[in-house]
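One structure is given here, and the rest of the page talks about it.
Numbering (my numbering), first residue to last: 117 to 1068.
This is the structure in C-alpha cells:
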C-alpha cells in the first residue's frame, strides 16, 4: 500500500514533464497513455527493488569489507547553551550516504539516474542505526510532515537528510570563567554494529554564516572533526566506529566586563582615595573602607547564582576575592599608620630617656634637650659630620662591628647622641614619618594591582580580547612576565639558554624592553616623590632613549654586528670546539665574555679615536635608567675584535646569549636609588661602582670598566670606590651642551682623527708637532699630550695617571637645560609616545621588512630625533624642520594607502596626528609673526611719540 501511495505522488509530480515528450497528434490521449505506462513501470521498478532485498540485514560488500556510511552535518542554529545543566543544543540537517547494491536499478529515463522517495519508504529499506552517543533528548522535526529527504541512485547509493534538534552533554571547565573557551562535542556512532561491519566517515560539517549573530554569550571559533574506533564495554575485544565533532565556543566578555570587572575595579580604585585623606579623619577613612567592602559584596556575588556549583574556583571568584584582599589591605594600612605612629613616638621617647638614665651625664643631656642649654654645646656642623661618618659605614659593617666611635670622651659621645636624637625628633615629626606609609601606599597599591591584573590577563588571555596580536599593547604586556623580569637581572641557567644555533637565540633585548619601561617609569616616580627631581630631566631622558633606539637601528635583527664576524671565525679557524650543551662551556663563556667586555670597554675609553665610539654614553649629566639606553650607534665596531677572540673556542649561540645578558644586566647599574650593596660589591659590579665610572671627578676618570664582575678592575688596578664626601658629578670633562643626536654620536670620532692633531696652545704653537705626534694624538689616550707618561696595556697605550689635566667640577653644578615653552614640552612628550610605539613595532617586525622599508623607517627615526633635539636646543628652525618632517611622513603614508592593507585605522590615526602637527606649528609660526609685527608697530609708535590707548 505504501508503494501505491508513493507511485501516485511520483506520477503526479512527473506526469506533466513526461507528457511533453509524447507526440503532438493527440496530446490528451497520449499523455494519459504515458502516465499510465510510467506508473506501471515505476511500480514494477520499486516492487522489484524492495522484493530483492531484506531490510533487516545490512548490505554486504563483495570483498566483505565494512560498509562505509558518510556523514554530513549542516548546522543551522545553536543554543541554548546551559552552564548549569552542562549541555548545549543545535538545529541541523543530518545527512547520511551509503551504498546498498541491492537497490541497484535500471533507470527509466537515462537522464534521471536518481529517484526521490517519500520519507515513509525508510521503513522498507535497510537504514544505519545511527545515534548520538552523548545526546540527551534529540528529536526529528515533523511539521508539517516529517522533515526527511530520501533519494536512491541507480548505482545503489542511498542519501538520507533529516532535520534534527540535538541536545547533547557538554562537560565545561569553568576555571577561567568568564574568559573561558569551551569545546562542546557531538559523538555519532552505530548502536548495534561493530567496526568490522559499519564504518562511519566524515564528509563535512558546515556552519551557517549568520549563526554567529544568534548566540548572545558565545562566539563560534571553529570546528574540529575526529574519526576513531572505541572499545565496546560489553565486548572489550571489539571496536565501534564513531565520529566526533567539537564546536569550539569562546564566551563573549562584554557583559561581565561592564557589569562586574569594571565596577569592581572602580571600587578598588575608590579605596585608594583613603591614602590621600588625612589620617586624623578616622570617620572618613573607616566609612570609605566599609562602603567599598559592601559594594564589592553586592557587585561581586550578584551573578554567582547563574553558575553551576563546581568544586573548583573560577577566574571570576579569584578576581573578586583578590579585590576583597586589596580592600582589606587598604583598611589594614590605616591601622598600621596609627600603630606605627605610636611605636615611633615611643621609640623616640625611649631614646631620650636612655640618655637620662646615666646619672653622671644627666646635666649634659638635660642641657641638650632644652633644660640647660648652656651646659654643653654641640653645634650643627659637628652633628652633620657625625651623621655623614655613620652613613659612610656600610650596613654590613655596622651589623658586624657595631657603631664605632672616634677617639672622643664618653661625655662627648653621650652629648652627640643626645644632639642627634633631639635633631631627629625635631626634624622628623612623627606625623610626617608615618605619613610616608601613605605616600608609599599611593605607589605600591596601584602597582601591585596593575601587575596582578596583568597576570590575570595572561591567564585568561585578555590580551587577545583587548588587543590584536600585533598591537603594541599586546606585545608589551605579553613580555611583562616574571621570566623576563628574572632575565633583567641575569638570573638565568645554562639549561634554559643553551641552544644549538644562533637562529634559536631570542632577541633578549626586545624581550626585556617592556620591563625597562616599567623600571624607567618607577624610577622617575620614586625620584619625584622623594624630592630628587633634580636627578632627571625630560630633554635628557628622551635624548638618551633616542640614542638607544638609534643604536638598535644599526644592528642587524637586533644582534650585535660582531656575531657575523664571530661565525666566520668559528666556522673557519676555531681551535677548540667546546660542546654547546655543556654547563661548563656556558660558565666559561660567562667569565671569559665578561673579561673580553672589560678589555673592549677599556679600549673604547683609552685607545685614541675609539673613545669617539663611546662618548655619547657618558655625555649625559644625569645618572638614571635612561642613561643606560644612551648607547653609541657604532660602538659594536670597536668591540668586535674582543668579541671575536672568543670565537676560537666558544660556540656562537653561547657567546650571543651572554652578549645579550651582559648588556641587559648593565641596565640596572644605571641608577642612583641603590646604595652600596655590601659584600656583593666585592665580586660583582654594582650601581655604586658604575656611578664612579660615569663621574667626571678626577678620581673617577677611567675607572670601573667591569660589566658583570668588578674583579677585573681590581686585578688591573682600575677600581675606585665611590666616595661619599666627593660624590660623582656626571657628564664629560667638557660637556657637549647640545641634544643633537647626530652630533653626539659622531663628532668626537672626527675630532680625534682630524682636529686634535691640529690643536695649538695659548702661544699659537702646535701641541702635537711632527707626524709621529699627530698619529699618536689619534691613537693614544684622549687626554694624552707629548710629555705625559703612558704605559702599554694589551694593544694600546694607557695613561699612568688618568686624572692628569682633569679639573675639579665647578660647584654648584649648572646643567645644560635651555628653557622651552610648555607647548613644546607637551607636544614632544605626546609625540614621543607615538614615536616609541612605531619603533617597538619596527623592532619586533624588522626581520620581516624589506630593505626599502627598513631604510625608510630608519630615516624616519633619525629625522624625528633631529627634530626633537632641535626643539630641546631651542633652535629657531625647529618648527620648520618639524613641518617638513610631517609632510614627508604624509607622502610616505599616501603611498602606503595603495598597498594591499589600504587605509587601515592605524594609518588613518598616524596621518591625522601629522596633519594636526602641521596645522599646530604653522599656526604657531603665524601667531609669532603677527605678535612680532604688532610689537614692532607699538615700538615704532612710541618712538614717534604717538599716544597708545590700551583697554584692559
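From the three backbone atoms N, C-alpha and C, an ideal C-beta is built for every residue, glycine too. None of these values were measured; they are calculated from a predicted model.
- Query: Cβ of residue 311 within 8 Å of Cβ of residue 226?
  - Reply: no
- Reference residue 110, options 416, 250, 192, 284, closest by Cα: In this structure the chain extends from 117 to 1068, so residue 110 is not present and cannot be described.
- Message: What ranges does the alpha helix (DSSP H) occupy inside the stretch 398-448, keeping only unbroken runs of at least 4 residues that lie completely in it?
- Response: 398-416
- Query: Which residues in the same chain as residue 250 place their Cβ atom closer than 8 Å to its Cβ, once the five residues preceding and following it in sequence are excluded?
  - Reply: 284, 285, 301, 302, 303
- Span separating the alpha-carbon of residue 982 from that of residue 1036: 19 Å
- Three-state secondary structure (DSSP) at residue 791? coil
- Message: Looking at the secondary structure, which residues open and close the beta strand (DSSP E) in which residue 211 lies?
- Response: 203-215
- Task: Classify residue 1079 as buried or exposed, calling it buried when 16 or more other Cβ atoms lie within 10 Å of its own Cβ.
- Result: One cannot answer for residue 1079 here, as it falls past the ends of the chain, which runs 117 to 1068.
- Of the residues 552, 305, 288, 306, which one's Cα is nearest the Cα of residue 298? 288
- For my contact list, residue 727 and residue 616 are in at a C-beta cut-off of 8 Å; report their separation, rounded to the angstrom. In fact, because the Cβ distance is near 38 Å, the residues do not count as touching under 8 Å.
- Assuming residue 972 and residue 1008 form a contact by the criterion Cβ under 8 Å, report the distance between their Cβ atoms to the nearest whole angstrom. 7 Å
- Query: Are the stretch 769-778 and the stretch 830-839 touching by the rule of at least three beta carbon pairs closer than 8 Å?
  - Reply: no
- Host alpha helix (DSSP H) of residue 630 (start-end): 624-645
- Query: Leaving out five residues before and five after residue 890 in sequence, what residues of the same chain have Cβ atoms less than 7 Å from its Cβ?
  - Reply: 873, 884
- Message: residue 663 and residue 960 - do their beta-carbons sit closer together than 8 Å?
- Response: no
- Message: If you reduce the DSSP assignment to three classes, tell me which class residue 596 lands in.
- Response: coil
- Rounded C-alpha distance that separates residue 804 from residue 1046: 53 Å
- Message: With a threshold of 8 Å, are at least 3 pairs of Cβ atoms found where one atom belongs to the stretch 897-907 and the other to the stretch 706-714?
- Response: no
- Task: From the DSSP output, in three-state form, read off residue 1056 for me.
- Result: helix
- Task: To the nearest angstrom, report how far apart residue 619 and residue 176 are at their CA atoms.
- Result: 58 Å
- Message: Which residue marks the beginning of the alpha helix (DSSP H) containing residue 1001, and which one marks its end?
- Response: 994-1012
- Message: With distance defined between alpha-carbon atoms, name the residue in 379, 400, 215, 380 nearest to residue 389.
- Response: 400
- Item | Where the alpha helix (DSSP H) containing residue 959 begins and where it ends | 938-961
- Query: Which word fits residue 647, buried or exposed, when buried means at least 16 other C-beta atoms lie within 10 angstroms of its C-beta?
  - Reply: exposed
- Cα separation between residue 340 and residue 379? 37 Å
- Item | Close beta carbons around residue 322, own chain, < 6 Å, minus the five adjacent residues each side | 190
- Task: Drop a sphere of 10 angstroms on the beta-carbon of residue 219, count the other beta-carbons inside from all chains shown, and report buried for 16 or more, exposed for fewer.
- Result: buried
- Task: Can you give me the start and stop residues for the alpha helix (DSSP H) that residue 659 sits inside?
- Result: 654-669
- Compute the Euclidean distance between the alpha carbons of residue 171 and residue 318, then round it to the nearest angstrom. 24 Å
- Message: What does the Cβ neighbour count give for residue 239, buried or exposed, with the cut at 16 atoms within 10 Å?
- Response: exposed
- Going straight from the alpha carbon of residue 962 to that of residue 595, what length do you get? 18 Å
- Query: So residue 235 packs on residue 262, CB below 8 Å; how close in whole Å?
  - Reply: 5 Å
- Going by the beta-carbon positions, is the gap between residue 861 and residue 748 smaller than 8 Å? yes
- Going straight from the alpha carbon of residue 397 to that of residue 787, what length do you get? 38 Å
- Query: Given 8 Å as the limit, is there contact between the stretch 905-925 and the stretch 810-827, that is, 3 or more CB pairs closer than that?
  - Reply: yes
- Item | Cβ shell of residue 267 (< 6 Å), same chain only, five flanking positions each side left out | 230, 232, 275
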